[in-house]
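Residue numbers (my numbering), protein chains in the order written: chain V, 1 to 111; chain A, 1 to 154.
As structure tokens, the structure follows; a few thoughts come after it.
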């Protein structure tokens, strides 16, 4: 998995997840978000447009990240999930926990 | 970083109740770094000729990854001296995967589905829940250290 970050002109930190978010690498994403929170970032978008797979540990990591962001008074949004990945969120009802947009552009609107 | 993966793949055509049956079996080290490569390898063997974007491929990858991770973490406790045995039975109609760890087993009926609103932020049990949702049939052995997942091809 590759994780890269870009700051949107409106101050949103966009985190791109390349590859797979799975049990073996989920801590990398958690560390990136923790560092961002420590730097004072409060608006975070995770872009899954180039993510092939998220396993249950990856979903668990996102739940944990969501709690941390919320505890810091921030907001987390997700975007770019393909149809299969979207179905994992729906099956596990996590689509009710996260703000999920179809595209990063849609997620950034009014963020 | 994953340790080098040493898989032994045996494809032995045998005759089962439903006709020709191909078996693929392999031993997987108790190393989470091996999960992705194992899933790739087994999916390739089980679904040769299937469209890369097929829903069956996705379902198989999910149940394989979740069963392997459960076996390595919860079953074998990531003990490098222990292995996970994986056996796939393939027919024209179905793919049946057995994943067996060397742990003491567990009571699968005691794992609740973490989908109630108040349980969503609890992180355990989601993998088994996904397996139950995406496989057509799920069975465990009596000891609870072996899961059998059946996916119908159509």
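Backbone N, C-alpha and C fix where the C-beta goes; we use that ideal spot for every residue, glycine too.
Computed from a prediction, not measured in an experiment: that's the story for all the values here.
Which of the three DSSP states, helix, strand or coil, is assigned to residue 113 of chain A? One-based indexing of the second chain puts residue 113 of chain A at position 113. In the structure shown, the three-state DSSP call for residue 113 of chain A is coil.
Helix, strand or coil: how does DSSP classify residue 19 of chain V here? Translated into positions along the first chain, residue 19 of chain V becomes position 19. Here residue 19 of chain V sits in strand by DSSP.
Below 6 angstroms CB to CB, which residues in the same chain sit around residue 50 of chain V once its five sequence neighbours on both sides are set aside? Position 50 of the first chain, counted from the first residue, corresponds to residue 50 of chain V. In chain order, 18 place their CB closer than 6 angstroms to the CB of residue 50 of chain V, counting only its own chain and leaving out the 5 sequence neighbours on each side.
Going by DSSP in three states, residue 124 of chain A sits in which element: helix, strand or coil? The sequence position of residue 124 of chain A within the second chain is 124, counting from 1. For residue 124 of chain A, the secondary structure class from DSSP, reduced to helix, strand or coil, is coil.
So, helix, strand or coil for residue 111 of chain V, using DSSP? Counting from one through the first chain, the residue named residue 111 of chain V turns up at place 111. DSSP places residue 111 of chain V outside both helix and strand once states are collapsed to three, so it counts as coil.
Using a 10 Å radius around the Cβ and a threshold of 16 neighbouring Cβ atoms, would you call residue 66 of chain V buried or exposed? In the first chain, residue 66 of chain V corresponds to position 66, counting from 1. Buried: at least 16 other Cβ atoms inside 10 Å.
Closer than 8 angstroms at the beta carbon, the chain V residues around residue 61 of chain A: The residue given as residue 61 of chain A occupies position 61 in the second chain. Taking a Cβ-Cβ cut-off of 8 angstroms, the neighbours of residue 61 of chain A in chain V comprise 53, given in sequence order.
Going by beta carbon distance, what residues of the same chain come within less than 6 angstroms of residue 101 of chain A, once the five residues before and after it are set aside? The count along the second chain starts at 1 and reaches residue 101 of chain A at position 101. The residues are 71, 75, 76, 84 and 145.
Going straight from the alpha carbon of residue 103 of chain V to that of residue 47 of chain V, what length do you get? The sequence position of residue 103 of chain V within the first chain is 103, counting from 1. The sequence position of residue 47 of chain V within the first chain is 47, counting from 1. Between residue 103 of chain V and residue 47 of chain V, the C-alpha separation is close to 8 angstroms.
Identity of the residues DSSP links to residue 29 of chain A by a beta bridge: Translated into the one-based positions of the second chain, residue 29 of chain A becomes position 29. DSSP output for residue 29 of chain A lists A:83 as bridge partner(s).
Tell me whether residue 30 of chain V sits in a helix, a strand or coil according to DSSP, three-state version. Walking along the first chain from the start, residue 30 of chain V turns up at place 30. In the three-state reduction of the DSSP assignment, residue 30 of chain V falls in the helix class, which pools H, G and I.
Does residue 137 of chain A get closer than 8 angstroms to chain V when you measure Cβ to Cβ? Reading the second chain from its first residue, position 137 is the one you call residue 137 of chain A. No, no contact with chain V.
If I follow the unbroken alpha helix (DSSP H) through residue 42 of chain A, where does it start and stop? The residue given as residue 42 of chain A occupies position 42 in the second chain. Element bounds for residue 42 of chain A: 35 to 46.
Find the nearest neighbour of residue 81 of chain V within the set V:23, V:94, V:110 and V:27, judged by alpha-carbon distance. Within the first chain, numbered from 1, the residue matching residue 81 of chain V stands at position 81. Closest by C-alpha distance to residue 81 of chain V, out of V:23, V:94, V:110 and V:27, is V:94.
Find out if the Cβ-Cβ distance for the pair residue 125 of chain A, residue 112 of chain A is shorter than 8 angstroms. Position 125 of the second chain, counted from the start, is the residue given in the question as residue 125 of chain A. Position 112 of the second chain, counted from the start, is the residue given in the question as residue 112 of chain A. Yes.
Residue 64 of chain V to residue 108 of chain A, Cα distance in whole Å? Walking along the first chain from the start, residue 64 of chain V turns up at place 64. Walking along the second chain from the start, residue 108 of chain A turns up at place 108. Residue 64 of chain V and residue 108 of chain A have their C-alpha atoms spaced approximately 25 angstroms apart.
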